[in-house]
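Input: a single structure, listed below in C-alpha cells.
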C-alpha cells in the first residue's frame with residue numbers, strides 16, 4: 002500500500018498508509034509504549050477486582066491460572082492482528098479505522114462505538130474505585146475513620162478529584178501522562194511481584210496454616226469442567242488482559258508509528274502473563290479457596306496482610322496506583338478513537354479539535370470526562386441506576402471480546418491476498434487472529450446466552466444503540482467516507 006494522501010479524511014482508502022496528524026508526533030518510544038500498555042491493563046487492579054470471581058466459578062476453582070493461560074493465548078492472537086494492521090494503517094482510531102478500511106465503513110463505525118462505550122463505562126467506574134482505594138489507604142494509616150472510608154459519597158467525591166487530575170494530565174500532554182504512568186507502573190509491579198515471590202517461598206519453606214503446595218494441575222486447561230465454566234472464565238480472563246491496545250491508539254504520537262505500537266502490545270502481553278500467573282499461583286498457595294471467594298475485591302490486600310501486616314499498606318498503595326493508572330489509560334484511547342472518528346467527519350466535530358498549545362484532543366477528552374462525572378453522580382445518588390450500571394461494568398468483558406474478536410477476523414480478511422506468501426504471515430496475520438477472533442466472539446455469545454436477561458439485556462441494548470447512531474452519522478457525513486471502497490492489503 003502506498004504512502005498516505007495529505008488529507009486521510011477524503012483520500013481513497015487504497016492510498017491511506019500514513020496519517021498526517023495534528024497530535025504531537027514522535028513523543029513516545031518503545032519503552033514508553035510498553036509502560037502505557039501494561040499500565041492500561043493494571044495488574045493489581047485486575048487481580049483484586051477479578052481473581053475471586055474466577056475462583057468462584059463452578060468448574061474452575063483453583064484452575065484460575067489455567068484460565069489466565071487460555072485467555073492469554075486468545076488475546077495474544079489479537080495482539081498479532083493489531084501488530085500487522087497497525088503496520089499498514091497507524092491511525093489512532095486503531096480497530097475502528099482498520100475495520101472501516103478493510104471490511105466496511107459502517108462496521109468500522111459500529112466497532113468504534115463499542116470501544117468508546119466500553120472505555121466510557123469504565124472511566125465512570127474506575128474513579129469511584131480509585132476513591133474507595135484512596136480512602137482505604139488513608140484509613141489504614143490512621144488518617145480517617147472506617148466510617149468515612151466506607152462512605153459512598155466520600156468515595157464518589159475523591160473519585161471525582163482523581164478524574165479531574167488525570168483528565169488535566171491527559172489534556173496537558175502525552176509526555177506528562179506517560180511519565181506519570183511510569184511511576185504508577187513501578188509501584189504496582191514491584192509490590193505485586195515482591196509479595197508473590199515472598200508468598201511462594203514462604204509456603205515452600207514453612208507451610209503456613211491454610212496454605213497449599215503448588216500443583217501443576219492449576220495450569221492444566223483440561224481441568225476446567227464444562228463449556229459454560231470455560232466461557233465464563235474466559236470473559237473474565239479477557240477483562241484481565243484488556244487495555245494493552247492503548248499503545249495502538251497512541252500510534253500517531255509514537256516514534257516509528259508503523260512498528261513500535263504493535264511491538265509494544267505483543268511485549269506487554271508476555272510481561273502481563275508472567276505477573277498474572279505468578280500472582281494467581283501465589284494467592285492460591287497462600288490463601289484458602291473459600292477465603293479467596295469471601296474476600297472478593299479485597300483479596301489482594303488480604304493476601305498481602307497475611308504475609309506481612311506491617312507492609313500490607315504497600316499493597317494498598319499498589320492497588321490505588323493501579324486503579325488510577327487504568328482510569329487514565331482508558332480515557333486516553335477513548336479520546337483518540339473519538340478524535341479519529343471526528344477527523345473522518347463521522348462523529349461530532351468537537352472531538353476532532355486539537356489544542357494548539359498541548360497537541361492533544363483536549364476538548365474531546367474533557368467532554369468524555371464530564372460524561373463520566375455525570376454517570377458517577379447519577380449512580381451515587383440513585384440505587385436503581387447504580388444497579389444497572391453495575392451490571393454493565395460486569396459485562397465490559399463481553400464488549401471487549403466483541404471488538405477484539407472482530408478485529409482478529411478482520412485481520413485475516415485484510416491480508417487474505419498475501420497469506421500464502423510465507424508461513425509467518427499465514428499463521429500470525431491469518432490463522433491465529435482468525436481462530437482467536439472466533440473464540441472471543443463465541444465467548445461473548447456463550448456468556449450472553451447462558452447468563453440470562455440480567456446479562457443479555459443491558460449489554461445488547463447499549464450495543465444496539467450504535468445502529469441508529471451509525472445511520473445518523475451516514476446521513477450527516479458529506480465527505481464520501483461511507484461510499485469509499487474497502488481494500489485488501491497486497492503486502493505485509
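In this note's numbering, the protein residues as written are 2 to 493.
Just so it is clear, CB atoms sit at the ideal spot from N, CA and C, and this is done for glycine as well.
Three Cβ pairs or more, each shorter than 8 Å: is that satisfied between the region 228 to 239 and the region 21 to 34? The answer is no - the region 21 to 34 does not touch the region 228 to 239, with fewer than three Cβ pairs under 8 Å.
Apart from the five residues on each side of it in sequence, which residues of its chain come closer than 8 Å, Cβ to Cβ, to residue 270? 73, 76, 77, 80, 242 and 245
Please identify the residue among 205, 373 and 108 whose C-alpha is closest to the C-alpha of residue 126. 373
Going by CA-CA distance only, name the one from 459, 410 and 426 that's closest to residue 439. 410
Alpha carbon of residue 71 to alpha carbon of residue 221, nearest angstrom: 10 Å
What separation, rounded to the nearest whole angstrom, lies between the Cα atoms of residue 155 and residue 304? 26 Å
Compare the Cα-Cα distances from residue 414 to each of 462, 102, 311 and 465 and report the closest residue. Nearest option by C-alpha distance: 102.
Tell me whether residue 382 is buried or exposed, calling it buried when 16 or more other Cβ atoms sit within 10 Å of its Cβ. exposed
For residue 464, which option in 399, 308 and 425 has the closest C-alpha, if you only look at C-alpha atoms? 399
Can you grab the Cα-Cα spacing for the pair residue 99 / residue 469, in whole Å? Within the model, the alpha-carbon separation for residue 99 versus residue 469 is close to 22 Å.
Can you name, in chain order, every residue of its own chain whose Cβ lies under 7 Å from the Cβ of residue 157, other than the five neighbours on each side? 129, 132, 377 and 381
Quick check for students: name the residue ranges of the alpha helix (DSSP H) that lie wholly in the region 48 to 105, counting only runs of 4 or more. 65 to 89 and 96 to 103
Assumed close pair residue 490, residue 416 - CB separation to whole angstroms, cut-off 8 Å: At roughly 5 Å, the Cβ-Cβ gap stays under 8 Å, so residue 490 and residue 416 are in contact.
Given a threshold of 16 other Cβ atoms within 10 Å of its Cβ, counted over all protein chains shown, does residue 276 qualify as buried or as exposed? It is buried - the Cβ of residue 276 has at least 16 other Cβ atoms within 10 Å.
Count the other CB atoms, across all protein chains shown, that sit within 10 Å of the CB of residue 350; report buried if there are 16 or more and exposed otherwise. exposed
Could you tell me how far apart the beta carbons of residue 286 and residue 384 are, in whole angstroms, since I believe they sit closer than 8 Å? Not a contact, Cβ separation roughly 39 Å.
Over what stretch of residues does the alpha helix (DSSP H) that includes residue 334 continue unbroken? Residues 313 to 344.
For residue 475, report the span of its alpha helix (DSSP H) as first-last. 467 to 477
DSSP state of residue 4 mapped onto helix, strand, coil: Note that residue 4 scores a pLDDT of 31, beneath 50, so its modelled location is shaky; the value from the coordinates is reported in the next line. Looking at residue 4 - three-state DSSP - the assignment turns out to be coil, as it is neither helix nor strand.
Say the cut is 6 Å; is the CB of residue 233 nearer than that to a heavy atom of the ligand GDP? For the structure depicted, the ligand GDP is absent and the ligand set is empty, with no information on it obtainable.
Less than 7 Å between the beta carbons of residue 336 and residue 362, yes or no? yes
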